[in-house]
Amino acid sequence: MARTQQKASVLIAGGLLLAAASSLCHAQDISCIVGDCPGLDVTLNYTADLRRNASGGLERGNAASGLLHTGVAWTSDRLWPGAMVVTSASLIHTTGGDISGRYVGDLQGLNNIEADGAVRLYDFWTEIRFGQGLATRVGFLDLNAEFDAPVTSSFFVGPPFGIGTDLAQTGENGPAVFPITSLGIRLEGRFGERTKWRMAAFDGVPGSSNPRDFATVDISRRQGALLIGELEHAPRGFNKVALGAWSYTSRFERFDAAASGDVALRKGNCGAYAVADRPMGAIGGVRFDGMVRAGYATGKFNATDRYLGAAVVASRLWERRPDDAIGLAVAHARTSSAFQRQLAADGGVPRSSETQVELTWRAPLSDWAAVVPGAQWVNRPGADRGVKDAFVVGLRFEFALEHTWPMVVRTEGAGSDSPVVMTSP
Numbered sequence: 178m179a180r181t182q183q184k185a186s187v188l189i190a191g192g193l194l195l196a197a198a199s200s201l202c203h204a205q206d207i208s209c210i211v212g213d214c215p216g217l218d219v220t221l222n223y224t225a226d227l228r229r230n231a232s233g234g235l236e237r238g239n240a241a242s243g244l245l246h247t248g249v250a251w252t253s254d255r256l257w258p259g260a261m262v263v264t265s266a267s268l269i270h271t272t273g274g275d276i277s278g279r280y281v282g283d284l285q286g287l288n289n290i291e292a293d294g295a296v297r298l299y300d301f302w303t304e305i306r307f308g309q310g311l312a313t314r315v316g317f318l319d320l321n322a323e324f325d326a327p328v329t330s331s332f333f334v335g336p337p338f339g340i341g342t343d344l345a346q347t348g349e350n351g352p353a354v355f356p357i358t359s360l361g362i363r364l365e366g367r368f369g370e371r372t373k374w375r376m377a378a379f380d381g382v383p384g385s386s387n388p389r390d391f392a393t394v395d396i397s398r399r400q401g402a403l404l405i406g407e408l409e410h411a412p413r414g415f416n417k418v419a420l421g422a423w424s425y426t427s428r429f430e431r432f433d434a435a436a437s438g439d440v441a442l443r444k445g446n447c448g449a450y451a452v453a454d455r456p457m458g459a460i461g462g463v464r465f466d467g468m469v470r471a472g473y474a475t476g477k478f479n480a481t482d483r484y485l486g487a488a489v490v491a492s493r494l495w496e497r498r499p500d501d502a503i504g505l506a507v508a509h510a511r512t513s514s515a516f517q518r519q520l521a522a523d524g525g526v527p528r529s530s531e532t533q534v535e536l537t538w539r540a541p542l543s544d545w546a547a548v549v550p551g552a553q554w555v556n557r558p559g560a561d562r563g564v565k566d567a568f569v570v571g572l573r574f575e576f577a578l579e580h581t582w583p584m585v586v587r588t589e590g591a592g593s594d595s596p597v598v599m600t601s602p
């Protein structure tokens with residue numbers, strides 16, 4: 178099995194590199210929007226985070242974590258006429274403690290960079306844009322990069338504000354989101370100027386939970402696939418309005434299998450979500466943006482079956498610091514009856530829901546650095562009446578560097594058809 182996985186990884190990597198090399202050898206200049214022009218883009222990001230559970234939860238304590246994320250993307254328009262080709266690859270290195278599992282005991286998570294210490298291939302894909310909004314992407318993909326992708330709520334550090342708890346909790350090893358992505362294929366198209374559709378299929382069991390595994394491909398009928406589709410519309414006055422639905426093709430054990438004795442594997446692990454995100458206007462010079470999201474997941478297979486989240490971010494608060502912003506967000510996850518039965522069997526005192534509230538301030542220090550202090554309150558962590566409400570304070574430092582080398586093309590001699598490709602700093 179290990180050799181099969183290694184061979185599959187080598188073949189996939191080889192194919193993606195071949196596509197990248199082909200596009201690299203045929204780059205030329207075109208009239209395009211900045212960011213979509215042929216060229217090379219390199220990014221280096223580091224985030225350091227410290228959380229302290231000041232009261233309640235499982236016990237008081239501190240948890241520090243770090244995330245190094247480095248990536249490269251190459252864009253070309255000459256693989257074949259009329260198409261734009263983008264090849265992207267990135268690695269992550271995660272380190273640090275577990276504020277949720279060790280100190281708070283919550284269901285939804287409090288730190289969106291928290292993960293076991295490891296170096297992993299995060300994404301590695303090639304996208305072909307055919308024009309008229311039609312595009313296909315294949316490789317190692319992060320589902321949350323395009324599906325259930327946050328706009329306003331990306332401001333916050335809590336995981337439920339990046340991807341809804343109803344979807345994030347699913348699968349044997351998560352739904353191909355941070356920190357473990359998976360092999361997948363995505364199709365995208367447009368209906369007019371304001372509406373996009375996208376659909377994708379991902380490996381049903383992403384990667385491996387073993388921190389020593391850099392990348393894993395293990396496709397089988399038993400593991401199945403995660404299928405997801407989304408319709409995104411941008412009406413006037415909105416950042417976006419989106420509807421999505423997802424389903425696993427594989428069979429799952431009931432969440433309360435140990436308590437009920439029903440260990441049969443069944444199909445039907447599915448769900449849906451809706452999100453609306455828009456600018457809310459301004460009061461004086463202060464700008465407000467807000468969002469609301471609702472989601473559903475099949476209760477017999479998952480800990481939570483309904484989710485509701487909302488967020489508001491205020492920016493341009495002070496003339497001297499126009500880039501500072503403050504946000505308030507709420508994530509409410511309703512627990513399934515299967516979860517409640519299992520928790521009771523394990524000796525807990527089940528509650529119908531868990532609610533998380535986050536207050537965050539983001540203060541840029543420069544073009545490449547920012548400090549992010551904040552506080553989080555969790556009502557009944559783990560939806561267990563036996564666990565007291567938790568109050569968590571946090572401090573995060575963000576560092577981000579990016580450089581782009583657009584392609585500049587000149588022609589040798591009058592009437593020559595042979596371009597000479599150069600990069601400009």
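Counting the sequence shown from 1 gives a position; this note's numbering is that position plus 177. All C-beta atoms in this analysis are idealised placements derived from N, C-alpha and C, irrespective of residue type, glycine included.
Cutoff 6 Å; reference residue i; Cβ partners in own chain excluding five residues on either side
| i | result |
| --- | --- |
| ARG518 | ASP433, ALA436 |
| MET261 | ASP254, ARG306 |
| GLU291 | SER242 |
| ASN289 | VAL334, PRO336, GLY339 |
| PRO456 | ASP466 |
| ALA225 | GLY243, PHE574 |
| TYR484 | GLY341, THR342, ASP343, GLY472, ALA510 |
| PHE415 | ARG455 |
| ALA451 | LEU420, ALA471 |
| VAL296 | HIS270 |
In DSSP terms, what residue i is bridged to
| i | result |
| --- | --- |
| GLU409 | LYS373, ALA419 |
| SER359 | LEU318 |
| ALA510 | TYR484, GLU531 |
| MET468 | ASP454, ALA488 |
| GLU575 | THR224, ALA547 |
| ASP275 | Answer is none; ASP275 lacks a bridge partner. |
| GLY351 | Beta-bridge pairing links GLY351 to no other residue. |
| ASN239 | ARG229 |
| PHE301 | ALA266, PHE317 |
Cβ-based neighbour list, residue i, same chain, cut-off 8 Å, excluding 5 preceding and 5 following
| i | result |
| --- | --- |
| ARG371 | HIS410, ALA411, PRO412 |
| LEU360 | ILE189, GLY316, PHE317, LEU318, PHE379, ASP380, VAL394, ILE396 |
| CYS447 | ALA422, TRP423, SER424, TYR425, ALA474, THR475 |
Which of helix, strand or coil DSSP assigns to residue i
| i | result |
| --- | --- |
| PRO583 | strand |
| ASN321 | helix |
| ILE290 | coil |
| GLY308 | strand |
| ARG228 | strand |
| GLY282 | coil |
| SER330 | helix |
| ILE460 | strand |
| GLN553 | strand |
| THR342 | helix |
| PRO499 | coil |
| THR565 | Checking the sequence, you will find Lys at residue 565 rather than Thr. It is a strand residue. |
| SER385 | coil |
| PHE432 | coil |
| ALA260 | coil |
| ARG367 | strand |
| GLU392 | The sequence given here places Ala at residue 392; Glu does not occur at that position. ALA392: coil per DSSP, three-state reduction. |
| LEU494 | coil |
| ALA522 | helix |
Beta-carbon spacing of residue i, residue j below 8 Å
| i | j | result |
| --- | --- | --- |
| TYR473 | ASP343 | yes |
| GLY118 | ARG279 | This structure cannot speak to residue 118, because the chain is shown only from 178 to 602. |
| ALA552 | PRO337 | no |
| ALA250 | ASP283 | no |
| LYS477 | SER427 | no |
| GLN346 | THR481 | yes |
| ALA515 | VAL281 | no |
| GLU323 | ARG375 | yes |
| GLY259 | TRP582 | no |
| VAL569 | ASN239 | no |
| THR537 | PHE332 | yes |
Own chain, CB closer than 7 Å to residue i, minus 5 neighbours either side, in chain order
| i | result |
| --- | --- |
| VAL440 | GLU430, ALA434 |
| LEU221 | THR247, LEU578 |
| VAL609 | A question about residue 609 goes unanswered here, because the residues of the chain that appear run from 178 up to 602. |
| VAL639 | It is not possible to answer for residue 639, since the shown part of the chain is limited to 178 through 602. |
| TRP495 | ASP501 |
| GLY445 | THR475 |
| ARG443 | ARG428, PHE429 |
| VAL132 | Nothing can be reported for residue 132: it is not among the residues displayed for the chain, which extend from 178 to 602. |
Validate contact between the segment 557-566 and the segment 524-540 using beta carbons, cut 8 Å, 3 pairs: yes
When the Cβ atoms of the segment 265-274 are set against those of the segment 286-303, are three or more pairs found closer than 8 Å? yes
At least three beta-carbon pairs within less than 8 Å, the segment 456-467 to the segment 538-555: no
Examine the Cβ distances between the segment 363-370 and the segment 383-393 and report whether three or more of them are shorter than 8 Å. no
Three or more beta-carbon pairs under 8 Å between the segment 483-490 and the segment 396-403, yes or no? no
At a cut of 8 Å, does the segment 315-332 reach the segment 565-579 through at least three beta carbon pairs? no
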